[in-house]
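Structure, as structure tokens:
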């Protein structure tokens, strides 16, 4: 039997950890627990997102094979959340595989430093 692990944190490489911690604090409501030039962290008390400074990091093309991860967030109203996140500094790429003629299943956004994340409706 394999030892089961519980996710402690997810670390995101970025050029400006403080800025990204503030952005995701606003998006998630997670508390900023550390914010320095080289490293920042947010947490909900159980799971954390860490941000480490890697100044030469380049955002992956979208769509494209260079994307290594993305975060998914559930929200009560996708379009309202997207507008709010764009106002905080996110951008909405043109390619949107979750938006079809039948409606919006999810929206892909880029955070202020180019990482992709999805805004998904709450499960019904």
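In UniProt numbering, the protein residues as written are 1 to 124.
Beta carbons: idealized from backbone N, C-alpha and C, even for Gly.
None of these values were measured; they are calculated from a predicted model.
{"Item": "Closest Cα partner of residue 90 within the set 108, 99 and 32", "Value": "108"}
{"Item": "Nearest to residue 190 (by Cα), restricted to the options 84, 82 and 95", "Value": "There is simply no residue 190 to check, as the chain begins at 1 and stops at 124 in what is shown."}
{"Item": "Alpha carbon of residue 25 to alpha carbon of residue 106, nearest angstrom", "Value": "21 Å"}
{"Item": "Exposed unless 16 or more other CB atoms sit within 10 angstroms - verdict on residue 69", "Value": "exposed"}
{"Item": "Backbone CA spacing between residue 78 and residue 38 [nearest angstrom]", "Value": "32 Å"}
{"Item": "Span separating the alpha-carbon of residue 93 from that of residue 18", "Value": "24 Å"}
{"Item": "Within the stretch 54–117, ranges of the alpha helix (DSSP H) (whole runs, at least 4 residues)", "Value": "78–87"}
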